[in-house]
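When the letters of the sequence shown are read in order and numbered with our numbering, they come out as residues 24 to 457.
I have placed the structure first, in the form of structure tokens, so that the comments after it can refer back to it.
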Amino acid sequence: MPKEGEIIKFKNYKNSMRVPFVIYADFECLLNKISSCQPNPEVSYTQPYQKHKAMEFSYYIKYENEYFKAPVYYHGDDAVNQFISMLQEDTKKIEAFIKEKEEKYKDIKNMIDFDKKHYNQTNKCFICEQKFLPDDKKVKDHCHLTGKYRGPAHEACNLNYEIPKFIPVIIHNLSGYDARLFIKKLDFDESRLHVIPNNEERYISFSKKFGNYLKLRFIDSFKFMSFSIDKLSKNLRSAKNLKSEFKETAKHFPEDQLDLITRKGVYPYDYMDCKEKYEETELPSKEAFYNRLNECDISDEDYKHAQNVWKSFNIKNLREYSELYVKTDVLILADIFETFRDVCLKTYKLDPAWYFTAPGLSWDAMLEKTRVKLDLIHDTDMVLRIEKGVRGGISQCCNRYSKANNKYMKEYDKNKESNYLMYLDANNLYVIGL
């Protein structure tokens, strides 16, 4: 139990610094068919009909200050092992890059007169935004990757405002799908795998050392934005200037192709059930894009889009189509999440890349914006009394009794006023409320 007088307040000032390196990744699988015995119709059962085998992946390293490298792509039976191996190699390259920059920029480089004047005239820390007291030690904070002056700071704030010892690896729907493809392969050495579980099968996040000191922290962007990439990309596409909204995608495709490539592509998931399909030289028929899981076909408009992509990029076979699909998925995800980071940094002065889920970000945003100091309950009896009063379940506003009367009913009374009963349900109220 907390001691009497203890409070909770905003402390994560370091989270206002933009995480310099973020990796965006995605997998695509073959959906191999499974033959099995007919289940007993007299009892409930689950019948597997596909086995998902990771065949390709792409990831993109986003470095805040400059272009780092082109998207990585791999296709093959050992895609999972190569994913781990390539991430290890790139993590060590990032470590070497950071070490080189930190040695080069131990001290502030080229501090201009404006910066010197700003430092001398500013009486509060740019990190915690608290005024300097007479006994506080005021220091010049600078970026150790660029050498640029950032502002005056308390010595303690300056020491905590350091480059993180982890790199977020962001995958959309990591918890629900991609994690199952590669998490068992993270036992490549004896270093510990740190897991934050949601339940026995799903993980909120997991992290592991991939270099000499840097950890890769795998997080799910769906935990922040619980919509499909298709819906999220449409929000960005509503802007007039696609190049300004899809900055990462625009670095790899010419401007005249952005309208085509920034639209979420379509993929014949169920059709891709064997490796030979990758060598087919024609786009499959519209019927081949049927999604058995969702029990739906693609629209004529979506199929026309797939045809335009095939033709515009001079695609020779389904492997090339698949490569383009997974690469653009990663770049679009990067643009979506980078825009989300921009908004959060501007609005809340917090970078989502430090967090695991939206609730954690929201909690810190509340503490940061309100600067409230909450007293912690230190009395056991009070805690038990509050816990006893907690209620969960359905939340609704309703009348005790209401009777409908309208023309669609068998017992419609024309002499009475028409009225309807409507049941409204809202999913994800917590996020909507933000």
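Built from N, CA and C at the ideal position, the CB exists for glycine as well.
Quantities reported herein were computed from a predicted structural model and do not represent experimental measurements.
Item                                                                                                                        : Value
Same chain, Cβ closer than 8 Å to Lys-85, neighbours up to 5 away in sequence not counted                                   : Phe-44, Val-45, Ile-46, Tyr-47, Phe-91, Glu-271, Ala-357, Glu-361
Cα-Cα separation, Glu-123 to Tyr-83                                                                                         : 22 Å
Ordered list of alpha helix (DSSP H) runs contained in the region 362 to 438, each at least 4 residues                      : 381 to 393, 403 to 412
Closest by C-alpha distance to Val-95, when choosing among Lys-372, Thr-351, Cys-367                                        : Thr-351
Three-state secondary structure (DSSP) of Met-109                                                                           : helix
Nearest to Phe-379 (by Cα), restricted to the options Tyr-236, Glu-268, Lys-163, Val-192                                    : Val-192
Segment limits, beta strand (DSSP E) that includes His-75                                                                   : 73 to 86
Identity of the residues DSSP links to Asp-323 by a beta bridge                                                             : For Asp-323, which the question treats as bridged, DSSP gives no partner whatsoever.
Distance CB(Glu-79)-CB(Val-353) smaller than 7 Å                                                                            : no
Rounded C-alpha distance that separates Val-218 from Ser-198                                                                : 12 Å
Asn-104 Cβ short of 6 Å to the ligand PLP heavy atom set                                                                    : Judged by which ligands are present, the structure shown has none, so any question about the ligand PLP falls away.
Start-to-end residues for the beta strand (DSSP E) that takes in Tyr-172                                                    : 172 to 177
For Ala-48, the three-state DSSP class (helix, strand or coil)                                                              : strand
In DSSP terms, what Ser-256 is bridged to                                                                                   : Partner(s): none; Ser-256 has no beta bridge.
Integer Cβ distance of Lys-459 from Pro-175, believed to fall under 8 Å                                                     : With the chain covering only 24 through 457, there is no way to say anything about residue 459.
Sub-7 Å separation of Asp-398 and Ile-30 beta-carbons                                                                       : yes
In DSSP terms, what Asn-133 is bridged to                                                                                   : Answer is none; Asn-133 lacks a bridge partner.
Reference His-75; option with closest CA among Ala-93, Lys-56, Asp-101, Lys-232                                             : Lys-56
Chain C contact for Leu-397 (CB, 7 Å cutoff)                                                                                : The structure shown contains no chain C; it is built from a single protein chain.
Coarse secondary structure for Ile-194, derived from DSSP in three states                                                   : strand
Limits of the beta strand (DSSP E) - the one that Phe-205 falls within                                                      : First-last for Phe-205: 202 to 205, but that is the alpha helix (DSSP H), not the beta strand (DSSP E).
Cβ neighbours of Glu-302 in the same chain (closer than 6 Å, five flanking residues each side left out)                     : Asn-340
Start and end residues, beta strand (DSSP E) containing Lys-270                                                             : Element bounds for Lys-270: not the beta strand (DSSP E) but the alpha helix (DSSP H), 270 to 273.
Pair within 7 Å by beta-carbon distance, Lys-287 and Asp-253                                                                : yes
Cut-off 6 Å between Cβ atoms - residues of its own chain near Lys-208, not counting five sequence neighbours on either side : Val-103, Ile-107
Bridge-paired residues (DSSP) for Phe-189                                                                                   : Lys-238
DSSP state of Asn-314 mapped onto helix, strand, coil                                                                       : strand
Top-ranked residue by Cα proximity to Lys-396, from Ile-227, Asp-387, Asp-113                                               : Asp-387
Boundaries (first-last residue) of the beta strand (DSSP E) holding Asp-282                                                 : Element bounds for Asp-282: not the beta strand (DSSP E) but the alpha helix (DSSP H), 281 to 284.
Endpoints, beta strand (DSSP E) assigned at Tyr-96                                                                          : 95 to 98
Paired residues, beta bridge with Asn-442 - DSSP                                                                            : Asn-428
Own chain partners of Leu-110 with C-beta closer than 7 Å, once the 5 adjacent residues on each side are dropped            : Phe-233, Leu-239
Buried or exposed by the 16-neighbour rule on C-beta atoms within 10 Å, applied to Met-445                                  : exposed
Validate contact between the region 135 to 154 and the region 166 to 183 using beta carbons, cut 8 Å, 3 pairs               : yes
CA nearest to the CA of His-275, picked from Lys-127, Val-289, Leu-347, Lys-32                                              : Leu-347
Close-in-space but distant-in-sequence residues of the same chain around Glu-391 (CB under 7 Å, 5 per side omitted)         : Phe-33, Tyr-371, Lys-372, Leu-373
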